[in-house]
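Going down the list, the protein sequences come from chains A and B. Each residue of the first sequence is one higher than the one before, counting from 828 in this note's numbering. Each residue of the second sequence is one higher than the one before, counting from 259 in this note's numbering. Reading through the structure tokens given below for one structure.
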Amino acid sequence: DIQLTQSPSSLSASLGDRVTITCRASQSISSYLHWYHQKPGKAPQLLIYATSTLHTGVPSRFSGTGSGTDFTLTINGLQPEDFATYYCQQGYMTPWTFGQGTTVEI
Amino acid sequence: QMQLQESGPGLVKPSQTLSLTCNVSGGSINSDGYYWAWFRQFPGKGLEWLGYSYRTGNAQYNPSLKSRISISVDRSKNEISLTVTSVTAADTAMYYCARTKLSGRVDPWGQGTLVTVSS
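The following block contains the structure:
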């Protein structure tokens, strides 16, 4: 199975901050890397797919970059609704796998 | 706007069979190019892909559960079903159904249903 390692596992940030979360794959996954966020008691929601394409309705302060094994999610100008847990997921090969999550806290 | 809603027993006894249903509204499971998947999230928050099925019934499963899992689609009811046999406490989790593409992109997700395995 392809392992995805996110860092950091958690971070504290303030409104307006720039936040960067990284996701490293145990082997190349091309651009088949997707990002989700999840708020307490809710299902995960798609943020970015195929490394860098924003899902419909996702604000432009979110961006994704990377290829191969190293990927990054950036939030420029943290907003109150962005405090959540973020997961990366690879769709390159089954079994699809997820990173362990990064919790963004105030 | 497509919505998915999971349903099924919240409590299952060890060694028994877990059966869940996912009703799809606002769209058809007959849509070309979409696969219908199940995921679960453990109490420690880790997410696991269980498997998916196409509208034809062609399915693929996570090898970690391969011998215990079955996913099927009912096009007449616009529903997807999940069956996991011989459950143990390790199967306690929030179970989600979702629409996916073969690229692995998952959207939308159902709201989830909590299943506890306990005697």
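Even for Gly, the Cβ is constructed at its ideal location relative to N, Cα and C. Computed from a predicted structure; not experimentally measured.
Take residue i as the anchor and find which of the options has the nearest alpha-carbon.
i, options, result
"Gln-369 (chain B)", "B:Ser-344, B:Thr-350, B:Leu-269, B:Gln-299", "B:Gln-299"
"Leu-905 (chain A)", "A:Gly-926, A:Leu-831, A:Ile-848", "A:Ile-848"
"Ala-840 (chain A)", "A:Asp-909, A:Tyr-919, A:Trp-923, A:Tyr-914", "A:Asp-909"
"Leu-873 (chain A)", "A:Gln-917, A:Thr-921, A:Ser-894, A:Pro-835", "A:Gln-917"
"Val-373 (chain B)", "B:Gln-263, B:Leu-276, B:Val-364", "B:Leu-276"
"Ser-361 (chain B)", "B:Pro-301, B:Ala-295, B:Thr-343", "B:Ala-295"
"Ala-347 (chain B)", "B:Gln-259, B:Lys-271, B:Pro-267", "B:Lys-271"
"Ser-879 (chain A)", "A:Thr-899, A:Ala-870, A:Gln-830, A:Lys-869", "A:Thr-899"
By the 10 Å Cβ neighbour count, where 16 or more other Cβ atoms means buried, how is residue i classified, buried or exposed?
i, result
"Thr-341 (chain B)", "exposed"
"Asp-897 (chain A)", "exposed"
"Gln-833 (chain A)", "buried"
"Met-352 (chain B)", "buried"
"Leu-262 (chain B)", "buried"
"Glu-932 (chain A)", "exposed"
"Thr-892 (chain A)", "exposed"
"Gln-865 (chain A)", "buried"
Mind pulling the chain E residues with CB within less than 8 Å of residue i?
i, result
"Arg-326 (chain B)", "This model lacks chain E altogether, as its protein chains are A and B."
Just grab the DSSP bridge partners of residue i for me.
i, result
"Gln-299 (chain B)", "B:Leu-305, B:Met-352"
"Arg-333 (chain B)", "The partner list for Arg-333 (chain B) (beta bridge, DSSP) is empty, contrary to what the question assumes."
"Asn-903 (chain A)", "A:Arg-845"
Round the Cβ separation of residue i and residue j to the nearest angstrom and send it over; I've been treating them as touching at under 8 Å.
i, j, result
"Tyr-292 (chain B)", "Arg-357 (chain B)", "5 Å"
"Thr-371 (chain B)", "Ser-265 (chain B)", "7 Å"
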